[in-house]
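Read the structure below first, then the notes.
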């Protein structure tokens, strides 16, 4: 099974094009002013149009955003997905799904097994979960901190749960992360950057190769 790849925090045409060249599945655009990956709506709209032309699904990543801000993003960017990366309640997630008619990806910060209990109220509401590491002390960012969590915790999940693995993934650890967690979808942002918010095209290449290598190894093993 092909591992789906979302490259998040894109902010330049070159990075969008490289994501498409690499056959990534999703392009994420972040609307959170404290983030070094924050993009203006006009910029995101132009990049999303470029991404769609190359068959990339587009994701608008927001954090506790109000209706006015979301209305503008949805109207101008026309995302394929909404990613809720804040403290949005199940009721809020359901309200936004109904308001925009878009699938919703709800992010959760994970440090210990009990953190996974918080997903239950979102069952049947969120179309996909995203598991990220809890931010380090002092960080203002809910994601993109370059830290990971214990991937073994995900072994307790119902196998039917649709989730994307995130948090501190790089070319050097994504293979191990996939093998331990059993995930078939990954999200990367800081792990393909030369500096905060600056995507490195070579690092993007290496990350995607590492993900594909896991799939090739698994297929080779099943044929032995």
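Residue numbers (our numbering): 53 to 276.
Glycine included, C-beta positions come from ideal geometry on N, C-alpha and C.
Since the model is a prediction, treat every value here as computed from it, not as a measurement.
Taking the Cα positions, residue 126 is about 8 Å away from residue 152. Pairwise C-beta distances place the stretch 90 to 99 out of contact with the stretch 132 to 141, as fewer than three of them are shorter than 8 Å. One Cα belongs to residue 161, the other to residue 184, and the distance between them is close to 5 Å. For residue 55, there is no enclosing alpha helix (DSSP H), since its DSSP letter is neither H nor E.
Taking 8 Å as the upper bound for CB-CB distance, residue 260 and residue 82 are not in contact here, some 20 Å apart. Within a 10 Å sphere around the beta-carbon of residue 220 sit 16 or more other beta-carbons, which makes this residue buried.
Apart from sequence neighbours up to five positions away, the residues of its chain that approach residue 226 with a beta-carbon distance below 7 Å are 238, 259, 262 and 263, ordered along the chain. Separation of the CB atoms of residue 145 and residue 136 is rounded to 6 Å, and the pair is thereby assigned contact status at 8 Å. If you look at residue 125, you'll find it in the alpha helix (DSSP H) that goes 119 to 129. Collapsing the DSSP output to three states places residue 99 in a helix. Within the same chain, 84, 137, 138 and 194 come within 7 Å of residue 115 by CB-CB distance, once the 5 residues on both sides are set aside.
When secondary structure is reduced to three states using DSSP, residue 254 falls in the helix class. Under the 10 Å beta carbon count, residue 241 is surrounded by 16 or more other beta carbons and is classified as buried. Judged by DSSP secondary structure, residue 233 falls within the alpha helix (DSSP H) whose first and last residues are 226 to 233. Separation of residue 223 and residue 255 (C-alpha to C-alpha, rounded to the nearest whole angstrom) is 8 Å.
For residue 161, the enclosing beta strand (DSSP E) has its first and last residue at 156 to 162. Counting only the Cα atoms, residue 78 lies some 12 Å from residue 55.
Nearest neighbour of residue 209 by Cα position, chosen from 102, 176 and 165, turns out to be 165. Rounded to whole angstroms, the separation of the alpha carbons of residue 157 and residue 204 is 22 Å.
Nearest Cα to residue 178 within the set 148, 206 and 202: 148. In the three-state reduction of the DSSP assignment, residue 243 falls in the helix class. Only residues of its own chain outside the window of five on either side were considered, and among them 180 have a CB closer than 6 Å to the CB of residue 214, listed in chain order.
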